[in-house]
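Novice: Numbering (this note's numbering), first residue to last: 4 to 510.
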Amino acid sequence: MTRTLDDLTSWHADWTGLRVAVLGLGVTGFSVADTLTELGASVLVVAASAKKEYADLVPVIGARLELAPAGEVPDALVAHDPDLVVASPGYHPDDALLVWAEGQGVPVWGDVELAWRLRDKVVRADGRPADWIAVTGTNGKTTTVQLTASMILAAGHRVAPCGNIGIPVLDAIRDPEGFDVLVVELSSYQLHSTSSMSPYSAVVLNVADDHLDWHGSFEAYAAAKAKVYTNTQVACVYNKADELTMRMVEEADVVEGARAIGFDLGTPGPSDFGVVDGILVDRAFHEGRRDSALEIATVDELALRGLAAPHTVADVLAAAALARSYGVSIEAIREALAGFSLDRHRIEHVVTAGGVTWVDDSKATNPHAAAASIKAYPSIVWVVGGLLKGVDIDPLVRDSVGGESSRVKAVVVIGVERGEVVEAIRRHAPDMPLFEVDHDETSDVMASAVALAAAAASPGDVVLLAPAAASMDQFRDYADRGNRFARAVRSHLGGTDGDEPPATVRP
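1. State the DSSP-derived secondary structure class of residue 415, mapped to helix, strand or coil.
2. Expressed to the nearest angstrom, what Euclidean distance is found between the alpha-carbon atoms of residue 499 and residue 356?
3. Give a yes or no on contact between the segment 261–279 and the segment 310–324, applying the rule of three or more CB pairs nearer than 8 Å.
4. Between the Cα of residue 164 and the Cα atoms of 326, 288, 451 and 287, which residue gives the shortest distance?
5. Tell me, to the nearest whole angstrom, how far the beta carbon of residue 372 is from that of residue 142; I am working on the premise that it is less than 8 Å.
6. Is it the case that the segment 134–152 contacts the segment 18–35, given that we only count it when at least three CB pairs across the two stretches are under 8 Å?
7. Where does residue 222 land, buried or exposed, given buried means 16+ other C-beta within 10 angstroms?
8. In chain order, what residues of the same chain have a beta carbon less than 7 Å from the beta carbon of residue 367, not counting five sequence neighbours either side?
9. Under 6 Å Cβ to Cβ from residue 156, same chain only, skipping five residues before and after it: list those, please.
10. Output the distance between the C-alpha atoms of residue 172 and residue 251, rounded to the nearest integer angstrom.
11. Is residue 494 helix, strand or coil by DSSP?
12. Where in the segment 35–105 do unbroken runs of the beta strand (DSSP E), each at least 3 residues long, occur, reported from the N-terminal end onward?
13. Going along the chain, which unbroken runs of the alpha helix (DSSP H) with 4 or more residues stay wholly within the segment 133–209?
14. In whole angstroms, what separates the C-alpha of residue 170 from that of residue 135?
15. Any idea what DSSP makes of residue 299, helix, strand or coil?
16. Among the residues of its own chain, which have a CB less than 6 Å from the CB of residue 235, if the five just before and after it don't count?
17. Suppose you measure from the CA of residue 561 to the CA of residue 113; what does that come to, to the nearest Å?
18. Between the beta-carbon of residue 473 and the beta-carbon of residue 392, is there less than 9 Å?
19. Taking a contact to mean a Cβ-Cβ separation below 9 Å, would you say residue 87 touches residue 23 in this structure?
20. To the nearest angstrom, how far is the alpha carbon of residue 490 from that of residue 480?
21. Check whether the Cβ atoms of residue 126 and residue 178 lie closer than 9 Å to each other.
22. Of the residues 408, 421 and 395, which one's Cα is nearest the Cα of residue 386?
23. How many Å lie between residue 39 and residue 18 at the Cα?
24. Whole angstroms is fine: what's the gap from residue 9's alpha carbon to residue 293's?
25. Apart from the five residues on each side of it in sequence, which residues of its chain come closer than 8 Å, Cβ to Cβ, to residue 7?
26. Just to confirm the assignment, what range does the alpha helix (DSSP H) spanning residue 512 have?
27. So, helix, strand or coil for residue 509, using DSSP?
28. Using the Cα positions of residue 360 and residue 460, report the straight-line distance between them to the nearest angstrom.
29. May I ask you to report which of helix, strand or coil DSSP gives residue 14?
30. Can you confirm whether the segment 144–156 touches the segment 336–344 when touching is taken to mean that 3 or more C-beta pairs between the two stretches lie within less than 8 Å?
31. Give the secondary structure of residue 262 by DSSP, where H, G and I count as helix, E and B as strand, and everything else as coil.
32. Name the one or two DSSP bridge partners that residue 112 has.
33. So for residue 486, helix, strand or coil by DSSP?
34. Contact check, residue 240 vs residue 324 under 8 Å by CB: the rounded distance?
35. Does the distance from the CB of residue 311 to the CB of residue 302 come in under 9 Å?
36. Using three-state DSSP, classify residue 287 as helix, strand or coil.
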């Protein structure tokens with residue numbers, strides 16, 4: 004008989020003998036299996052493939068592994084008769100295994116739902132588990148999580164950035180030393196299968212077309228993002244420049260007393276964070292917010308840390324709002340910002356030589372992120388293309404290269420799915436210099452792209468790798484794509500590290 008899961012809301016509940024099927028054996032899947040076997044559950048891991056390091060460990064932790072082709076429901080899964088399925092984020096809702104589970108009436112969770120229920124394994128001195136600050140959005144999640152965590156750390160709290168950022172949230176909640184607060188990066192995949200989480204504070208940074216191949220529609224994608232505000236306890240932080248995030252907060256069922264806190268690059272209202280005369284300010288967590296504001300930092304100060312691009316300033320404001328909601332002082336926020344640097348492949352300066360600056364924003368894996376990068380520079384040779392993930396690239400091309408005000412002076416198109424990009428550019432900017440890297444051999448793609456971009460660039464230009472697409476058509480991941488771009492640039496320039504300082508980006 005299938006067990007009820009209603010009482011399984013604590014590490015200290017009785018999980019013994021619960022039959023669980025874990026789908027996927029990557030970093031997340033292994034953390035799920037490891038956690039559940041520690042609790043005494045009967046765990047069957049089902050995966051289409053598995054790295055040897057994980058496959059070898061599955062029997063060691065007391066679980067079983069069944070490798071089965073994608074789209075196939077293996078007999079071992081049917082025989083296991085699971086009480087619960089925990090799916091890794093990559094499994095589409097229409098995957099054969101999830102369709103089977105739904106048909107059998109088996110509940111499906113993700114790792115975040117499981118972690119929320121188990122969060123009391125390690126508690127603080129006051130007997131309570133770590134608070135969760137939840138971060139989602141189409142772009143800027145990782146930067147905002149890292150900023151928020153660094154601000155909370157500067158205030159003296161034990162804090163862990165985790166979730167979609169690379170450290171499974173289940174590993175964080177099982178850390179024997181424990182934390183005061185977890186800053187959890189949440190993808191739309193993870194939120195889709197989360198129902199009981201109640202974060203201390205939460206933010207949706209922005210919402211634009213992405214992962215439509217997974218969710219099936221923009222509406223479903225946005226609905227998944229909006230779930231982050233459900234049951235928020237203290238502060239729902241939203242982007243005033245993105246009306247959809249404001250509507251999400253207005254429609255959210257939150258804990259009574261939770262505040263709506265807005266942020267954008269404009270002048271803030273009494274419950275907002277914003278920018279006044281080049282100064283980032285807090286008018287939300289300030290007793291005199293009706294007629295004054297607290298200074299956080301200046302844009303000029305952020306520029307010294309490479310944080311002055313408009314979309315990055317927005318991330319700083321969002322992070323400051325989350326940190327302030329947790330009682331972090333302005334002084335601690337300033338200290339954190341003074342020592343903060345962006346991740347690799349996020350508007351990363353590669354080299355400036357011959358008056359041309361080369362910038363790696365390989366992490367711009369969707370049109371919204373690429374648009375933000377393009378707006379940061381005045382004259383661009385744009386390297387674009389990859390796996391489009393079902394997203395229509397036409398609006399980005401229309402807004403970025405169409406019209407006399409275009410910042411883009413030439414385009415180099417890479418990727419297997421080049422056709423849509425090329426057609427959109429020819430449609431919206433028929434006179435735009437357009438170069439297509441029409442071979443798919445990974446080793447040659449970036450060398451050709453860099454050579455074409457260099458020929459099109461003039462002193463004062465930025466050659467910007469902002470692909471607006473995923474990387475797995477020609478590269479291992481976005482980091483591999485960015486690394487190959489940087490190596491190709493240096494090789495083309497004869498190994499120089501540049502003879503000029505990087506151009507400062509200002510909003």
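Each residue gets a CB set at the ideal place from its N, CA and C atoms; glycine is no exception.
Specialist: With the structure as the only source:
1. strand
2. Here the model assigns residue 499 a pLDDT of 48, short of 50, so the residue's position is not dependable, and the following value carries that caveat. Straight-line Cα distance between these residues: approximately 8 Å.
3. yes
4. 326
5. 4 Å
6. no
7. exposed
8. 373, 376, 469, 470 and 471
9. 162
10. 25 Å
11. helix
12. 45–50, 67–70 and 87–90
13. 144–157, 172–176 and 191–195
14. 15 Å
15. strand
16. 202, 205, 257 and 261
17. Because the chain here runs from 4 to 510, residue 561 falls outside it and cannot be looked at.
18. yes
19. yes
20. 16 Å
21. no
22. 421
23. 8 Å
24. 46 Å
25. none
26. For residue 512 there is no data in the structure shown, the boundaries of the chain being 4 and 510.
27. Because the pLDDT at residue 509 is just 28, under 50, the model does not fix this residue reliably, and the value given afterwards should be weighed accordingly. Three-state DSSP puts residue 509 in coil, outside helix and strand.
28. 9 Å
29. coil
30. yes
31. strand
32. 89
33. helix
34. 5 Å
35. yes
36. coil
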